[in-house]
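For reference, the structure discussed in these notes is given below.
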Amino acid sequence: MGLTSALNTAVFGITYNQRQMDVTAANIANADTAGYSTKTVSAKAYFDGQGNVAGVVSNEIRRVLDTQIQEDYFASLSDTNYANQVANFTDRLDDIFGTIGDDSGLASMASKMTAALSGLVNNPGNYAAQLDVVSTAEAFAREINSSYERIYDLRREADDLLGQQAETVNGLLQEVSDIDDAIREATISGVSTAEMEDQRDRIVEQLSGYLDIETSIESDDNTLTIRTSKGVELYANNQASTVSFDATHAFAAGETGNSVIATTPGGTSFDLLDATDSGSMLALQEIRDEVLVEAQQQLDTIAAELSLAFSNVTVESTAVTVGLDDGFDLDVSALQPGNSITLEYTDTGGNPQTVTLVAVDDPTLLPLDNTATARTDDTVLGFDISSGLPATYITNITAALAGTGLLVSNDGADNLRVLGDNTAPTTVESLSAEITPTGSSDQGLGLPIFVDSRNGTEVFSDALEDGGQRVGYAMGITVNPALLADSALLVNYETTPTANSSNDPARPEYLLNAFTSGTSHFDPSSGIGSASTPFEGSVIDYINQTVAFQGNQAADAKTYFEAKETLTLNLAVRYEESYSVDLDAELAFLVQLENAYAANARVMQTINDLFDRLLNIV
0 MGLTSALNTA VFGITYNQRQ MDVTAANIAN ADTAGYSTKT VSAKAYFDGQ GNVAGVVSNE
60 IRRVLDTQIQ EDYFASLSDT NYANQVANFT DRLDDIFGTI GDDSGLASMA SKMTAALSGL
120 VNNPGNYAAQ LDVVSTAEAF AREINSSYER IYDLRREADD LLGQQAETVN GLLQEVSDID
180 DAIREATISG VSTAEMEDQR DRIVEQLSGY LDIETSIESD DNTLTIRTSK GVELYANNQA
240 STVSFDATHA FAAGETGNSV IATTPGGTSF DLLDATDSGS MLALQEIRDE VLVEAQQQLD
300 TIAAELSLAF SNVTVESTAV TVGLDDGFDL DVSALQPGNS ITLEYTDTGG NPQTVTLVAV
360 DDPTLLPLDN TATARTDDTV LGFDISSGLP ATYITNITAA LAGTGLLVSN DGADNLRVLG
420 DNTAPTTVES LSAEITPTGS SDQGLGLPIF VDSRNGTEVF SDALEDGGQR VGYAMGITVN
480 PALLADSALL VNYETTPTAN SSNDPARPEY LLNAFTSGTS HFDPSSGIGS ASTPFEGSVI
540 DYINQTVAFQ GNQAADAKTY FEAKETLTLN LAVRYEESYS VDLDAELAFL VQLENAYAAN
600 ARVMQTINDL FDRLLNIV
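Residue numbers (numbering that gives the first Met the number 0): 0 to 617.
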């Protein structure tokens, strides 16, 4: 190696050392700067034809980080933020429903209602006992109303947060675009982009909490592509999709809110949250449209079954024999929309069959699906009662039961007659109707303690019209004004004094048993039970089951969040360790650089001395 080549090598070494020292000094100065990644300088040496160093390029500054850990950490953020939102809202939802042991909440109100009715059974003529039942019923209705309203407020809060986060995501995507502009220009100019890449990572980290996203770097200009977890592009070719959300102004019972819409630069729009698997935004939508709606359905079910348990009465049929055929006659004159007739019979093949005939006032609802009742062992048939004429009811029921092999007719007094057919053969085992009384006397022991106040004052009969009377009923359930005016109706169920006295416990006993012991099948669409095995029990059983369900849901959500949070915290530590500045290592390296710098300087000094000697010789 000649002196000139050696001198060039030393000069290049000093230049490279100086660049390394600048970067190392920057690392040390930014050791406590959040999001700053350790930087290194890469060098590339060029040689001439004789193998001598002709140049060293040391402008490329690289970041030190583990991209796999970064990817895992960003992915965990979406899961953790999703879990955090769910845990937060389900915990507050659990507070609304209370616990079985609370002094407030639905379970407590059910216990108080049981105690008040029990007190009335023991002393039916006592005015204070009657007022206790009425006041407890009022408190029960208010608790249901209040719970529904609080859940509605939670839905609105989730909707508001969804709008705020949509706006934030829109802004973050634009920030990525701005940074990518600068990165692309710096890349073309040969300027380091490491600091800008750090900044871009911080934005992607924020985005990952809102949406489950995937990123990739375009090798030609070092810009980014962002896709949702389901592969839909949000940002590509330095162009960002626009994220928009229109606040949902009102939440109709059972209906979902507005969607978050993403519009590509080309003008194509899509539902953003259909394209992602996790993130806080998806959690908010699911909370708003699924979790909280389900909770409202549970309250509707409680309100509906509470009303029906107290009001509905079973109308039994009368056994009848016509020739060789046996069956029953049933009075259907008191049927209201939503009321039902239950028929049990044995078909021509000797198989037991159960048919539930449901009355409707809107014939366009027909035919009904089997899901119109919660039972899994029945066939549901609907029939039209819009005429208001029992004779027409029977005509429609006869048409509905065509093909069963039964002999269905009007008995001549506008009662439904259903006979087996001795020649078919078919046999009828039972026939009865569930009727909702319209008044408080002379219609059996049932009493409409609660009514529907959403459209004046209406008896709740669980009608299927207009989307179903029970949808949103929890917001309108109230105590019957007639009962508020006369608490003695809790005891007096007939207008003939000789048949009913103020000391008769028959009605209070009926109401207590209906509430605590009456067995019903509950609609599984509210999350309690399943389509194949719906929850079966009393109203108070269902209330306790619902309260327990909400408690378990909140506990599961908390456990899930804690597990995800632990994973994210561990990944965050590993991620930070992968890029953060190690001060000890950097200081030690700085010493090495100073030594190398000094060595190169000595080489240059030695070469300078040698050149001086050569010149002196000459």
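Where is the CB? At the ideal position from N, CA and C, for every residue including glycine.
Computed from a predicted structure; not experimentally measured.
Original post:
Cα separation between ALA115 and SER408?
Top reply: Position 116 of the sequence shown, counting from 1, holds the residue named residue 115. Position 409 of the sequence shown, counting from 1, holds the residue named residue 408. Cα to Cα, the separation comes out at about 45 Å.
**OP:** Have a look at MET195, ASN502 and GLY266 and flag the residue whose alpha-carbon is nearest the alpha-carbon of ASN121.
**Re:** Here residue 121 is taken as the residue at index 122 of the sequence shown, counted from 1. Comparing Cα positions, the closest option is ASN502.
Original post:
Pick from THR347, SER386 and THR313: whose alpha carbon is nearest that of THR435?
Top reply: As a first step, residue 435 is located in the sequence shown; it is residue number 436 there, counting from the start. Here the closest residue by C-alpha is THR313.
Subject >> Opening and closing residue of the alpha helix (DSSP H) in which THR672 lies >> reply: One cannot answer for residue 672 here, as it falls past the ends of the chain, which runs 0 to 617.
**OP:** Identify whether ASP177 lies in helix, strand or coil by the three-state DSSP scheme.
**Re:** On the sequence shown, residue 177 is found 178 positions in, with the first residue counted as 1. Note: ASP177 maps to helix in three-state DSSP.
**OP:** Let me know if ILE143 comes out buried or exposed under the rule of 16 or more other beta-carbons within 10 Å of its beta-carbon.
**Re:** As a first step, residue 143 is located in the sequence shown; it is residue number 144 there, counting from the start. Under this definition ILE143 is a buried residue.
**OP:** Within its chain, find whatever has a CB closer than 7 Å to the CB of ASP461; leave out the 5 residues flanking it on each side and keep chain order.
**Re:** For this step, residue 461 is matched to residue 462 along the sequence shown. Around ASP461: ALA303, LEU307, GLY337, GLN468 and ARG469.
Original post:
Taking the C-alpha atoms as reference points, what is the distance between THR620 and GLY253?
Top reply: Nothing can be reported for residue 620: it is not among the residues displayed for the chain, which extend from 0 to 617.
Original post:
VAL427 by DSSP, collapsed to three states: which one?
Top reply: Within the sequence shown, the letter at position 428 stands for residue 427. Reduced to three states, the DSSP call for VAL427 is strand.
Subject >> Identity of the residues DSSP links to ASN125 by a beta bridge >> reply: The residue given as residue 125 occupies position 126 in the sequence shown. ASN125 is not bridged to any residue.
Subject >> Own chain partners of PHE560 with C-beta closer than 6 Å, once the 5 adjacent residues on each side are dropped >> reply: Counting from 1 along the sequence shown, the entry for residue 560 is found at position 561. Result list for PHE560: ALA82, ASN83 and ALA86, in chain order.
Subject >> Endpoints, beta strand (DSSP E) assigned at PHE521 >> reply: In the sequence shown, counting from the first residue as 1, residue 521 sits at position 522. Segment: none, PHE521 is in no beta strand (DSSP E) and carries neither H nor E.
Original post:
Along the chain, where does the alpha helix (DSSP H) that runs through PHE73 open and close?
Top reply: For the purposes of this step, residue 73 is taken as residue 74 along the sequence shown, with counting starting at 1. Here the alpha helix (DSSP H) through PHE73 covers 66–96.
Original post:
What are the boundary residues of the beta strand (DSSP E) that includes SER191?
Top reply: Position 192 of the sequence shown, counting from 1, holds the residue named residue 191. Element bounds for SER191: n/a, residue is neither H nor E.
Subject >> Nonlocal neighbours in the same chain, by C-beta distance under 6 Å from ARG416, ignoring five residues either side >> reply: Position 417 of the sequence shown, counted from the first residue, corresponds to residue 416. Same-chain partners within the cutoff: ASP328, SER408 and ASP410.
Original post:
For GLY550, which residues of its own chain have a beta-carbon under 7 Å away from its beta-carbon, when the five flanking residues on both sides are left out?
Top reply: Here residue 550 corresponds to residue number 551 of the sequence shown, with the count starting at 1. Only ASP93 and THR98 meet the Cβ criterion.
Original post:
Taking Cβ to Cβ, would you say LEU161 is nearer than 8 Å to GLN284?
Top reply: Indexing the sequence shown from 1 puts residue 161 at position 162. Indexing the sequence shown from 1 puts residue 284 at position 285. Contact: yes.
Original post:
Closest by CA to ALA481, which one among VAL133, THR167 and ARG612?
Top reply: One-based indexing of the sequence shown puts residue 481 at position 482. Per the Cα distances, VAL133.
Original post:
Short check: CB of ILE68 to CB of LEU568, under 8 Å?
Top reply: Your numbering for residue 68 matches position 69 in the sequence shown. Your numbering for residue 568 matches position 569 in the sequence shown. Contact: no.
**OP:** Below 8 Å on the Cβ atoms is my guess for SER240 versus THR263; work out the distance and round it to an integer in Å.
**Re:** As a position in the sequence shown, residue 240 is number 241, starting the count at 1. As a position in the sequence shown, residue 263 is number 264, starting the count at 1. About 5 Å separates the two Cβ atoms, so the contact holds.
Subject >> Best match in LEU444, GLY528, SER525 and THR558 for proximity to ASN512 [C-alpha to C-alpha] >> reply: The sequence position of residue 512 within the sequence shown is 513, counting from 1. It is LEU444 whose Cα lies nearest to the Cα of ASN512.
Original post:
Would you report the Cα separation of SER207 and ASN257, rounded to the nearest angstrom?
Top reply: On the sequence shown, position 208 is the one that residue 207 refers to. On the sequence shown, position 258 is the one that residue 257 refers to. Going from the Cα of SER207 to the Cα of ASN257 covers about 22 Å.
**OP:** With DSSP as the reference, label GLU493 as helix, strand or coil.
**Re:** The sequence position of residue 493 within the sequence shown is 494, counting from 1. In the structure shown, GLU493 sits in coil (DSSP, three-state: anything other than H, G, I, E or B).
Original post:
In three-state DSSP terms, what is GLY381?
Top reply: For the purposes of this step, residue 381 is identified with residue 382 of the sequence shown, where counting begins at 1. GLY381 falls in the strand class under three-state DSSP.
**OP:** Just mark ILE187 as buried or exposed, buried being the case when its beta carbon has 16 or more other beta carbons within 10 Å.
**Re:** One-based indexing of the sequence shown puts residue 187 at position 188. By the neighbour-count rule (16 or more Cβ atoms within 10 Å), ILE187 is not buried but exposed.
Original post:
Taking the C-alpha atoms as reference points, what is the distance between ASN125 and LEU489?
Top reply: Along the sequence shown, one-based indexing puts residue 125 at 126. Along the sequence shown, one-based indexing puts residue 489 at 490. If you take the alpha carbons of ASN125 and LEU489, they lie about 11 Å apart.
Subject >> Same chain, Cβ closer than 6 Å to ALA268, neighbours up to 5 away in sequence not counted >> reply: Sequence index remark: in the sequence shown, residue 268 carries index 269 (1-based). The sequence shown places Ser at residue 268, not Ala. Here the set comprises ILE260 and THR262.
**OP:** Determine the burial state of LYS563: buried for a count of at least 16 other Cβ atoms within 10 Å of its Cβ, exposed for fewer.
**Re:** Here the question's residue 563 lines up with position 564 in the sequence shown. Its Cβ being crowded by 16 or more others within 10 Å, LYS563 is buried.
Original post:
On the premise that PHE548 lies in contact with GLY526, defined as a C-beta separation below 8 Å, what is that separation, rounded to the nearest angstrom?
Top reply: Taking the first residue of the sequence shown as 1, we reach residue 526 at position 527. Taking the first residue of the sequence shown as 1, we reach residue 548 at position 549. With 8 Å as the limit, GLY526 and PHE548 qualify as a contact, their Cβ atoms being about 7 Å apart.
Subject >> Selection from ASP330, SER310 and PHE309 that minimises the alpha carbon distance to THR317 >> reply: Within the sequence shown, residue 317 is the residue found at index 318, counting from 1. Comparing Cα-Cα distances from THR317 to each of ASP330, SER310 and PHE309, the minimum goes to ASP330.
**OP:** Report the option in GLY438, THR372, HIS248 and THR192 whose CA atom is closest to the CA atom of LEU223.
**Re:** Counting from one through the sequence shown, the residue named residue 223 turns up at place 224. Here the closest residue by C-alpha is THR192.
Subject >> Inter-residue Cα distance where the pair is GLU457 and TYR72 >> reply: Here the question's residue 457 lines up with position 458 in the sequence shown. Here the question's residue 72 lines up with position 73 in the sequence shown. When rounded, the distance between both Cα atoms is 57 Å.
**OP:** Inspect the beta-carbon positions of ASP179 and ASN237 and report whether they are closer than 8 Å.
**Re:** For the purposes of this step, residue 179 is taken as the residue at position 180 of the sequence shown. For the purposes of this step, residue 237 is taken as the residue at position 238 of the sequence shown. It is a contact, given that the beta carbons lie within the stated cut-off.
Original post:
SER146 to GLY466, Cα distance in whole Å?
Top reply: Against the sequence shown, residue 146 aligns to sequence position 147. Against the sequence shown, residue 466 aligns to sequence position 467. SER146 and GLY466: Cα-Cα distance of roughly 22 Å.
Original post:
Got a sec, what are the start and stop residues for the alpha helix (DSSP H) GLU508 sits in?
Top reply: Sequence index remark: in the sequence shown, residue 508 carries index 509 (1-based). It spans 505–515 - the alpha helix (DSSP H) in which GLU508 sits, taken as one unbroken run.
Subject >> Rounded C-alpha distance that separates LEU430 from GLY419 >> reply: The sequence position of residue 430 within the sequence shown is 431, counting from 1. The sequence position of residue 419 within the sequence shown is 420, counting from 1. Between LEU430 and GLY419, the C-alpha separation is close to 12 Å.
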